[in-house]
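Chains as they are written, first to last, in the working numbering: chain C, 73 to 452; chain Y, 73 to 452. Note that CB positions come from ideal geometry on N, CA and C, so glycine has one too. Note that the structure is predicted; figures quoted are calculated from it, not measured.
Number of protein chains: 2
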Amino acid sequence: MMKLNANQLNFSGGPGALPETVLQQLHTAMLCVPEVGLSILGISHRSEWFAQVVHELEDNIRQLMGLPATTRVLMMQGGATQQFSMLPMNLLRNGQSADYIHSGYWSGKAIHEAEKSGKLQLAWSGKADQFGRLPTDAELQLSTDAAYFHYISNETVEGLQFHRVPGREDVPRICDMSSDLLSAPGEFNRYAMIYAHAQKNIGPAGVTLVILRDDFMHSLPSDLPGFINYHAQADAHSIYNTPPVFAIYSVLLVTRWLRDEIGGLHTIAVRNQAKADCLYQVLDDHADFYRGRAAVADRSKMNVVFNLPSTEIEQAFLQQAREAGFSGLNGHRSIGGIRASIYNGLEFAATEQLAAFMQVFRKSYQPAQKKSAGRSPAYA
Amino acid sequence: MMKLNANQLNFSGGPGALPETVLQQLHTAMLCVPEVGLSILGISHRSEWFAQVVHELEDNIRQLMGLPATTRVLMMQGGATQQFSMLPMNLLRNGQSADYIHSGYWSGKAIHEAEKSGKLQLAWSGKADQFGRLPTDAELQLSTDAAYFHYISNETVEGLQFHRVPGREDVPRICDMSSDLLSAPGEFNRYAMIYAHAQKNIGPAGVTLVILRDDFMHSLPSDLPGFINYHAQADAHSIYNTPPVFAIYSVLLVTRWLRDEIGGLHTIAVRNQAKADCLYQVLDDHADFYRGRAAVADRSKMNVVFNLPSTEIEQAFLQQAREAGFSGLNGHRSIGGIRASIYNGLEFAATEQLAAFMQVFRKSYQPAQKKSAGRSPAYA
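Quick look at the structure:
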């Protein structure tokens, strides 16, 4: 098995691991961006070089996602939280209502913030099932006259992921893809708007990717203050005011890596599938010990969430995992347990290594099932 | 004269030069933060380490500025633009009006954005004087019943800086100190709120420092969406949602540098004064050639703005300065000319070197005044 460093064994739910090659380029850029001769932190956002960075980044996103040239690609601040708070401020001012799916922790946050500025309709809630599964199409209650329909493609806390595109074609479909955008191809042209903070698959915390279909953008109000005005942001190509230069440059490097080294979203999807299969196989083989949280059909390829027979065993798991060099495996503070986040930057070898660890750990706690009795785990 | 590298000769208006020692630490942190063992880009914002970063940063700011422990120190996203847009959304909802000084490009922007969400009263405008000076106290028209009074302490574009605290004591005083906060001591306890984006004296673009007097914060509404809600941001110690971890860590390093290497705001103020004196001396000695833009009494210690006898000579100046290793000397795109920004990160030696360049350049364009006629400039 190849030798991985600490950054490569980072299974954090976010900010997540970035590809080693991107980290190396950013390490260099801190002192000197080769094409410019200055630290990335001292380069003007009004320089020609930075205009090129934004231009190439917009193009790379459209190319990777298969979007037409008319699609607006913005880099904004404030995270997904700002986006799901801005949406009703932009779209529900006239008293119209919007449809929301409540499928877990983060869609719940989106609903909570949106309710402060507009009227919502619940299309479905997974609360009764403790957010252990996603809805079928038949279960969704969708309005024909909603201003928009909002859902989240991947719930990072619960480890649930939509493997289809829900919603009506005659209502603007808006999706928070913060934790799975750029992890696989998709039918992205069916969305009026897609947004994703960077710190899972796309780059460091501090920048949010917003993708707007041109016709949808034209339906948005243009009289709002610039920082929450999609027109102002789009017209300025994300340089309405000083943008987070470093974070945007980092995202450019990630898109180059995806395009040139990985070879696009089809290839990264194959790799992500293999990583997910590697870990879910351990869960399926030892379901009495590794208790997967999500319904099998709705399992996330980004966040593998599970419990162990007791919180004591979970603590021992986390402790021994840390000692073995893994980090970020603790579940979200709202539900506890274990979460292995396997975003784009994480290599297959890291999941192999974690799967091996899980096998050895289980044997030390289920001695009856041991093949070679009496052996203590190598990392203990 | 000491040998300076390209980052140390960066006179950009912002993002500006950061101290060499901070850049070196960030260079290391890109691959591994020593105390954590992970890249700064892969560390969770919910980790104990990051909570400590925020805690120390809040303390350092209060200590450097001489603020009581009750003062709230926030790190937010969206730049000064978000702050001056949020202010009326928070404070003018009940129809009350606010007083604004219009002293240049950036206070004009603040007024433009604020007008979208509230009613303003102009306390003074420098437009008739082409923003070449600041008002006297007698010229200010201040309301007694304003919700707040807003001004900008340093106009980066025009190179104007207030060297006193304007405004009434019985109206909340709010100041945009984006381009001079932490550059000198001040009577900071006389402000209800101070805000400053980081990319001048404080850190990289992507984070904004917001300082709120406790009693003023309690007067703000608490029902707004979290991303524009000061209560929500303060209660969460700037971790309401994922903050820009890298930018915040950078600001911590800058405050440590100010505290430990520089020795506080009094010392940095002496250094900044010396840098400003060094350049203004050249302007004063050759006022027919280097034509300072700001009235002498209102000169900025952060941005030395001047014109040359013609735009052709200005272009030649910028071209030769680039060849001599200086960068970022072009004036703001709105007014052209030359601007030497001399923020905290820039060392005195850099202004000495620029002053020397200015002397040589002038001689090559004013041959009659040359001491040693016929010598061509060394850097040409």
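Minimum Cβ-Cβ distance from residue i to chain Y less than 8 Å
| i | result |
| --- | --- |
| MET102(C) | yes |
| LYS188(C) | yes |
| HIS269(C) | yes |
| GLN431(C) | no |
| GLY150(C) | yes |
| GLY231(C) | no |
| GLY176(C) | no |
| GLY278(C) | yes |
| ASN375(C) | no |
| LEU95(C) | yes |
| TYR451(C) | Interpretation of TYR451(C) is limited by its pLDDT of 38, a score under 50 that renders its predicted location unreliable; the figure taken from the coordinates is listed afterwards. Output row for TYR451(C): interface = no. |
| ARG447(C) | Confidence at ARG447(C) is low in this model, with a pLDDT of 41, below 50, so the placement of that residue is unreliable and no value is reported for it. |
Residue-level contact to chain C via CB, residue i, 8 Å cutoff
| i | result |
| --- | --- |
| ARG285(Y) | no |
| VAL145(Y) | no |
| GLY335(Y) | no |
| GLN124(Y) | no |
| PHE318(Y) | yes |
| PRO106(Y) | no |
| LEU36(Y) | Since the first and last residues shown for chain Y are 73 and 452, residue 36(Y) lies out of range. |
| HIS117(Y) | yes |
| PRO91(Y) | no |
Cα-Cα separation between residue i and residue j, rounded to whole angstroms
| i | j | result |
| --- | --- | --- |
| ARG405(Y) | SER119(C) | 11 Å |
| GLN168(Y) | ALA219(Y) | 6 Å |
| LEU159(Y) | LEU292(Y) | 10 Å |
| LEU103(Y) | GLN149(C) | 24 Å |
| GLU92(Y) | LEU418(Y) | 9 Å |
| GLY409(Y) | LEU113(C) | 24 Å |
| GLU130(Y) | ASP286(Y) | 14 Å |
| PRO276(Y) | SER250(Y) | 12 Å |
| GLY151(Y) | ASN132(Y) | 21 Å |
| LEU401(Y) | ASP360(Y) | 20 Å |
| LEU98(Y) | ASN261(Y) | 32 Å |
| LEU253(Y) | ILE274(Y) | 8 Å |
| LEU390(Y) | TYR437(Y) | 14 Å |
| ILE246(C) | HIS309(C) | 21 Å |
| VAL243(C) | PHE318(C) | 36 Å |
| ARG236(C) | ALA369(C) | 11 Å |
| ARG447(Y) | GLN392(Y) | Bear in mind that the predicted position of ARG447(Y) carries a pLDDT of just 41, short of 50, making it too unreliable to give a figure here. |
| ALA210(C) | ALA341(C) | 28 Å |
| ALA89(C) | TYR415(C) | 7 Å |
| ASN77(Y) | GLU384(Y) | 28 Å |
| ILE266(Y) | TYR177(Y) | 19 Å |
| ASP332(Y) | CYS350(C) | 49 Å |
| GLN271(C) | THR423(Y) | 39 Å |
| VAL94(C) | LEU281(C) | 18 Å |
Neighbouring residues, chain C, relative to residue i (Cβ below 7 Å)
| i | result |
| --- | --- |
| GLY180(Y) | None at all; the shortest Cβ gap to chain C is about 14 Å. |
| GLU185(Y) | PRO297 and GLY298 |
Residue i: contacting residues in chain C (beta-carbon distance under 9 Å)
| i | result |
| --- | --- |
| ASP295(Y) | LYS188 |
| THR153(Y) | PRO297, GLY298, PHE299, TYR312, ASN313 and THR314 |
Per-residue contacts from residue i into chain Y (C-beta, under 7 Å)
| i | result |
| --- | --- |
| ASN82(C) | LEU110 and GLY114 |
Contact set between residue i and chain C, taken where Cβ atoms lie within less than 8 Å
| i | result |
| --- | --- |
| SER157(Y) | PRO297, GLY298, PHE299 and ILE300 |
| GLY86(Y) | SER116 and THR314 |
Residue i: contacting residues in chain Y (beta-carbon distance under 8 Å)
| i | result |
| --- | --- |
| ALA78(C) | CYS104, GLY109 and LEU110 |
If contact means a Cβ-Cβ distance below 7 Å, which residues of the stretch 398-425 of chain C contact chain Y? SER399, GLY400 and ARG405
Quick one: which unbroken beta strand (DSSP E) runs of 3-plus residues sit fully inside the stretch 118-155 of chain C? Chain order, please. 144-148
Report the residue ranges of all alpha helix (DSSP H) runs contained in full by the stretch 334-364 of chain Y; include only those spanning at least 4 residues, in chain order. 337-357
Length at least 4, wholly inside the stretch 383-411 of chain C: the alpha helix (DSSP H) runs in chain order: 383-395
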